[in-house]
Structure formats: structure tokens, C-alpha cells
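So the sequence shown is numbered by the numbering used here: it starts at 38 and just counts up by one.
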Amino acid sequence: MSRVDRFWENAAQSPLQIVQLPLFTEHGVRVYMKRDDLLHPFVSGNKWRKLKYNLREAERLGFKRLVTFGGAYSNHIAAVAAAGQAMGFETLGIIRGDELHADSNQTLQFASHCGMHLQFVSRTAYRDKELLISQFGDNSYFLPEGGSNQLAIKGVREAVEEIQSQLAAPVDYFCSAFGTGGTSAGLLSAAVSAKVLVFSSLKIKKREVEAHLAAFVPLHNKTWEIFTDYHFGGYGKETEELNQFIDDFEQKTTIPLEQVYTGKMMYGVVDLVRKGFFNQGDVVVVLHSGGLQGKRK
38 MSRVDRFWEN
48 AAQSPLQIVQ
58 LPLFTEHGVR
68 VYMKRDDLLH
78 PFVSGNKWRK
88 LKYNLREAER
98 LGFKRLVTFG
108 GAYSNHIAAV
118 AAAGQAMGFE
128 TLGIIRGDEL
138 HADSNQTLQF
148 ASHCGMHLQF
158 VSRTAYRDKE
168 LLISQFGDNS
178 YFLPEGGSNQ
188 LAIKGVREAV
198 EEIQSQLAAP
208 VDYFCSAFGT
218 GGTSAGLLSA
228 AVSAKVLVFS
238 SLKIKKREVE
248 AHLAAFVPLH
258 NKTWEIFTDY
268 HFGGYGKETE
278 ELNQFIDDFE
288 QKTTIPLEQV
298 YTGKMMYGVV
308 DLVRKGFFNQ
318 GDVVVVLHSG
328 GLQGKRK
């Protein structure tokens with residue numbers, strides 16, 4: 038068995054955990070969390086799903102080096118760095134923001150400690166990814182920003198298959214945080230009757246989110262709803278209200294959240310329950326996308 042295959046074959050399914058909050062009980066809504074944060078200590082959450090078939094393909098094609106893109110708080114950057122270290126790939130992360138450095142935050146520190154070379158570029162230069170690939174990507178397997186491509190969608194689909202095998206009841210709603218759209222698109226591609234709720238962590242318009250989703254999966258005959266009111270200022274931004282929510286949630290449920298993606302998504306889910314968005318008896322499954330290496334200390 039190859040080194041890449043052995044890495045993924047060693048993992049079991051992530052648990053499906055009911056989220057015990059009095060608010061959910063009062064409204065008669067059953068909320069479960071797919072604990073993909075427990076898949077691996079460092080390559081976890083949706084990144085575990087997204088990288089699985091991409092790294093198999095990189096190995097099949099004989100590449101020894103992975104090149105990818107990300108922002109300062111990118112869970113994808115951290116996961117690629119850890120996966121590369123575990124499976125013997127060299128890694129290069131092209132990072133948006135030439136004012137940054139390897140010690141700017143926990144995520145970049147972690148990636149650097151895993152042996153990833155970090156190339157910091159200006160926000161203007163970052164927009165021209167084809168040029169950056171030509172400059173830094175020779176003889177490398179390219180992973181897009183956030184790891185979102187068709188091979189990533191294939192990996193995320195497996196989460197839905199696992200949930201369906203773990204839960205006897207039909208699912209009414211799947212929920213995911215939105216960064217580049219691959220995870221939400223993967224849920225949409227596999228969810229037959231359930232509605233997918235997409236919570237943007239970026240300060241962007243709904244039509245922009247929809248365009249990202251449509252780039253990965255046909256949206257006809259799918260049901261989804263996009264929420265753009267829970268970004269707390271935008272990507273990588275946080276507020277005292279959000280941080281207090283995360284602390285309270287973890288104390289009540291023992292489930293850790295981080296402030297870039299999962300905390301914002303879960304705040305949105307709780308707020309929708311409070312507002313009566315869901316019907317009594319609805320079954321809601323929330324996908325924990327990991328990223329706890331960037332959790333606020």
C-alpha cells in the first residue's frame with residue numbers, strides 16, 4: 038500500500054454527535070454535529086475530505102511537491118503542510134499579504150513548523166494565480182485555494198454517505214461554513230432531499246456565494262439557502278460576542294469551535310433555531326470543518 042493510501046486507510050468514520058442545548062429541546066429540533074474535527078489531529082475536518090483524492094492523484098502522477106494558496110488564517114494551508122509532512126511531500130504555501138510572516142498567527146506558525154515554505158505576496162499579486170503558479174509551481178501538484186476542486190467534492194460526498202449510515206432518521210438540513218465553496222458544494226452534490234444551509238464566513242453577497250457553488254456543482258434540482266449575516270466583520274474577523282458564544286457553547290456541549298468558520302456557522306444555527314426557522318421535529322446535521330489549530334487561545 039502506498040504512503041498516501043496508508044494515511045487515509047488508518048482513519049475510521051468520524052462520530053455523529055447530538056448537540057445538547059436547552060434551546061434545541063425547547064424548539065423540538067434535533068441538531069447533530071458530524072465531528073470531522075476528530076478525524077486527525079492536524080489534517081482534520083473538510084480538509085481531510087478535500088485532500089484525500091487530490092493527494093492520491095498527486096502520488097499517482099509522480100509529484101513530490103505540493104503548491105497551494107491561502108490567507109493568513111487558512112485551515113487549508115495548515116492541513117496541506119501537515120499532510121505533506123506526514124506523506125513525504127515538499128510543500129509551498131503562497132500566502133495573501135506581504136506584510137505577514139511565519140509568526141503572524143498560530144496557523145502560519147503551525148504550517149511553518151510542519152516544514153512548509155511560505156511565500157508571502159501582495160494582495161494585488163495574489164489575484165494573478167496563473168502567474169504565481171508559473172513562478173513557483175514548476176514540477177508541482179497544484180491545489181487550489183481552499184482545496185476546492187472536483188476531487189475535493191468527491192471526498193466531501195463521503196461525509197454525507199457516512200451520516201446516512203450513522204443516522205436512522207432522514208436529514209432535513211445539512212449546514213456548512215463557507216470559505217471557497219467546496220464543502221457546501223460537496224454536500225449539495227450528495228444531499229438528495231435535504232436542504233443545505235450555507236453560512237458565509239466572508240463579507241460577500243449571496244450571489245457571489247452562489248456563483249462559487251455553481252462552479253463546482255449544478256444547482257438545478259437542489260435546495261439551499263445562503264446566510265451572509267454571520268460573518269462578524271469578514272474573513273478572519275471576530276468580536277467579543279462571537280468569542281463569548283464559542284466559550285459558552287464549548288462549556289455546555291464540550292465541542293470545541295474556532296472563530297474563523299465553525300464558530301460563526303454554529304452561531305448562525307443557534308440564532309435560526311431561536312428565531313423559529315426550523316420546524317418542530319426537524320433533523321439538522323452540522324458539519325464540523327476542523328481548523329482547531331487556529332483556535333483562539
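Glycine included, each C-beta is placed from N, C-alpha and C at the ideal position.
Span of the alpha helix (DSSP H) around residue i
i	result
Ser171	166-173
Ile200	187-203
Ile283	277-290
Ser213	It is not in any alpha helix (DSSP H) - Ser213 instead sits in the beta strand (DSSP E) that spans 210-215.
Beta-carbon proximity of residue i to residue j, cut-off 7 Å
i	j	result
Ala123	Phe179	no
Leu239	Val233	no
Tyr90	Gly192	yes
Arg40	Gly99	no
Gly216	Ala189	no
Ala206	Val320	yes
Tyr267	Tyr304	yes
Thr260	Phe269	no
Ala148	Ile114	yes
Lys71	Ile200	yes
Leu155	Gly130	yes
Val322	Tyr110	no
Best match in the options for proximity to residue i [C-alpha to C-alpha]
i	options	result
Gly328	Glu247, Thr260, Gly192, Ala118	Ala118
Glu46	Gln57, Pro255, Leu76	Leu76
Leu279	Leu294, His138, Ala228	Leu294
Gly82	Ser171, Ser221, Tyr272	Ser221
Ser226	Glu195, Leu145, Ala248	Glu195
Phe106	Val246, Leu145, Glu96	Leu145
Glu262	Lys274, Gln288, Asp284, Asp209	Asp209
Glu182	His138, Ile132, Glu136, Gln201	Ile132
Distance, residue j Cα to residue i Cα
i	j	result
Gln317	Val297	30 Å
Phe173	Val104	8 Å
Gly313	Val66	10 Å
Ala120	Glu63	42 Å
Ser51	Ser213	16 Å
Val235	Lys101	35 Å
Gly152	Leu168	24 Å
Phe264	Lys243	7 Å
His257	Leu250	12 Å
Ser237	Asp175	33 Å
Ser177	Asp308	44 Å
Val246	Leu324	18 Å
Ile170	Val310	44 Å
One or two residues paired with residue i in a DSSP bridge
i	result
Thr128	Leu103
Glu262	Leu234
Ile55	Tyr69
His154	Leu129
Segment limits, beta strand (DSSP E) that includes residue i
i	result
Leu309	Per DSSP, Leu309 belongs to no beta strand (DSSP E); it is in the alpha helix (DSSP H), 299-311.
Phe179	178-180
Distance cut-off 6 Å: residue i Cβ against heavy atoms of the ligand NAD
i	result
Leu137	The ligand NAD is not part of this structure, which contains no ligands at all.
Chain B within 7 Å of residue i, Cβ atoms only
i	result
Leu145	Of the protein chains in this structure there is only one, and it is not chain B.
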